[in-house]
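Following: one structure in structure tokens, then a few remarks.
In the UniProt record's numbering, the protein residues as written are 1 to 82.
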């Protein structure tokens with residue numbers, strides 16, 4: 001798996017990667033915001049993810065995603081910064 005990173009604006013980095021979802025490989029982008037990440041699937045806004053008080057990833061809004069998908073997206077975001 002490989003990662004693409006592009007910068008829309010200096011304050012809002014975008015992390016992009018392939019993600020298997022619904023038996024398809026899609027292009028997922030996570031766009032850093034002030035208190036969450038906006039998640040786009042194939043260029044369409046799908047959800048917002050954030051940390052809860054225990055620093056676990058949770059979905060804040062959007063299309064209801066399986067817990068495994070939320071965890072995988074969170075892992076990809078964290079892996080980029082390590």
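For each residue, glycine too, the CB sits at the ideal point set by N, CA and C.
Could you compute how far the alpha carbon of residue i sits from the alpha carbon of residue j?
i          : j          : result
residue 67 : residue 25 : 18 Å
residue 81 : residue 15 : 10 Å
residue 37 : residue 28 : 12 Å
residue 45 : residue 63 : 9 Å
residue 41 : residue 32 : 15 Å
residue 22 : residue 69 : 10 Å
Name the two residues that bound the continuous alpha helix (DSSP H) containing residue i.
i          : result
residue 74 : 67 to 81
For residue i, report the span of its beta strand (DSSP E) as first-last.
i          : result
residue 51 : 44 to 51
residue 24 : 24 to 32
Is it buried or exposed, residue i, if we count other Cβ atoms within 10 angstroms and call 16 or more buried?
i          : result
residue 39 : buried
residue 17 : buried
I need the DSSP call for residue i, collapsed to helix, strand or coil.
i          : result
residue 55 : coil
residue 16 : strand
residue 63 : coil
Starting from the Cα of residue i, find the closest Cα among the options and give me that residue.
i          : options        : result
residue 75 : 61, 33, 42, 19 : 19
residue 47 : 13, 33, 32, 60 : 60
residue 73 : 49, 53, 55     : 49
residue 35 : 71, 65, 79, 11 : 11
residue 56 : 22, 31, 78, 30 : 78
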